[in-house]
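Peer 1:
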Amino acid sequence: MKTAKLTIRLLREFSVQHPELGVSELARRLVLDKATIHRLLRSLCEEGIIEQNLATKRYRLGLAILDLAASRLQALGFVELAAGEMRSLREEVGESVGLHVRDGRDMVCVHYNEASHPLTVRFTLGERSPVHVTATGLISLAEMSAQDSASVVEEAARAYPAFPAPDINDFSEKLAKVRQEQLSVADQSYQKGVRGIAVPIRDGDGSLVATLSIVAPASRLSTVELLKHRSVLTETARRIGRKIPVGMEVLAANAVQTS
């Protein structure tokens with residue numbers, strides 16, 4: 264069991280921001296000796312889960328990880344249910360559209376439709392982003408109790424030092440507003456030059472199962488202009504929600520692990 268946990272921790276160190284890591288860096292990040300890191304990497308390389316870049320001698324996720332991700336995403340039946348609605352939304356608003364679910368401290372992109380503009384916001388399937396500074400994350404946090412949301416934010420702030428925990432009183436007021444309006448706005452809080460709005464997707468019981476967002480370059484759309492898409496975004500989320508069976512197991516908030 265200890266080896267399994269160490270392996271999972273090691274795999275989670277690889278991300279869009281850090282696609283390749285060396286032995287020394289992994290040892291430092293995980294606070295483990297290099298011999299242990301070498302042993303874990305060797306086992307993962309044998310299975311194709313990890314591979315070594317011979318040019319840099321660093322390690323990266325192997326192609327076999329795609330099989331696991333594809334299998335998990337296929338199990339997310341609601342992605343297929345949402346795909347058509349998301350395409351229509353993208354065509355109507357002309358901006359990139361994303362579908363995210365929460366996995367602990369992260370929001371994970373499980374589907375997207377990018378705008379066709381030369382200058383656009385691009386998603387990466389399986390990309391993780393901190394829950395406390397993204398429009399999608401604020402929707403998820405607003406569903407929690409104050410104690411639970413504070414715990415998740417604290418964990419996210421530790422994992423993403425560039426995004427420290429916000430003032431608890433100000434943040435509580437922000438979440439209360441999100442909860443009341445069923446809408447969140449992120450104005451360059453995570454990525455400079457990017458604005459986004461997000462709404463919840465709920466099943467027939469009203470349970471949150473995912474978030475739907477529209478994002479755009481700040482140079483093209485102001486927050487006021489972006490909010491003009493609120494109605495169509497909300498209605499699209501409702502249409503997707505009506506297609507989702509109540510209690511669909513794969514919609515559990517922390518069930519997706521694609522990176």
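Each residue of the sequence shown is one higher than the one before, counting from 264 in the numbering used here.
Cβ coordinates follow ideal geometry from the N, Cα and C atoms, glycine included.
By the three-class DSSP mapping on this structure, what secondary structure does threonine 319 have?
Peer 2: In this structure, threonine 319 counts as coil in the three-state DSSP scheme.
Peer 1: Please report the straight-line C-alpha distance between serine 351 and leucine 293, rounded to a whole angstrom.
Peer 2: If I take the Cα positions, the gap works out to 43 Å.
Peer 1: Quick check: the Cα distance between leucine 471 and leucine 317, rounded to an integer number of angstroms?
Peer 2: If I take the Cα positions, the gap works out to 44 Å.
Peer 1: Should isoleucine 271 be labelled buried (16 or more other beta-carbon atoms within 10 Å of its own) or exposed?
Peer 2: Exposed, by the Cβ-count rule.
Peer 1: Rounded to the nearest angstrom, how far is the Cβ of leucine 438 from that of valine 462, given a contact under 8 Å?
Peer 2: Rounded, the Cβ-Cβ distance is 15 Å, inconsistent with contact.
Peer 1: Among residues of its own chain, excluding the 5 on either side of serine 287, which ones have a beta-carbon nearer than 8 Å to its beta-carbon?
Peer 2: Excluding positions up to five away in sequence, the list reads Lys297.
Peer 1: Give me whichever residues DSSP pairs with serine 476 in a beta bridge.
Peer 2: The partner list for serine 476 (beta bridge, DSSP) reads Gly361, Ala461.
Peer 1: Taking the alpha-carbon positions, what's the arginine 365 to cysteine 308 distance?
Peer 2: Cα to Cα, the separation comes out at about 29 Å.
Peer 1: Identify whether aspartate 468 lies in helix, strand or coil by the three-state DSSP scheme.
Peer 2: Aspartate 468 falls in the coil class under three-state DSSP.
Peer 1: Are the CB atoms of valine 457 and phenylalanine 426 within a distance shorter than 8 Å?
Peer 2: Not in contact: phenylalanine 426 and valine 457 (Cβ atoms no closer than 8 Å).
Peer 1: Report the residue ranges of all beta strand (DSSP E) runs contained in full by the region 364 to 419; include only those spanning at least 3 residues, in chain order.
Peer 2: Here the runs fully enclosed are 369 to 376, 391 to 393.
Peer 1: Is lysine 437 near the ligand GTP, with its Cβ less than 7 Å from a heavy atom?
Peer 2: Absence of the ligand GTP is noted for the structure shown, with no ligands found whatsoever.
Peer 1: Would you decide whether arginine 291 is buried or exposed? Buried here means 16 or more other CB atoms lie within 10 Å of its CB.
Peer 2: That one is exposed.
Peer 1: Tell whether a beta-carbon distance below 8 Å holds between glutamate 358 and isoleucine 464.
Peer 2: No, they are not a contact pair.
Peer 1: What is the rounded straight-line gap between the Cα of alanine 518 and the Cα of glycine 400?
Peer 2: Residue placement at alanine 518 is poorly supported in this model, since its pLDDT is 35, which falls under 50; the coordinates are not used for a value here.
Peer 1: Beta strand (DSSP E) containing aspartate 450: first to last residue?
Peer 2: Segment 447 to 450, the beta strand (DSSP E) holding aspartate 450.
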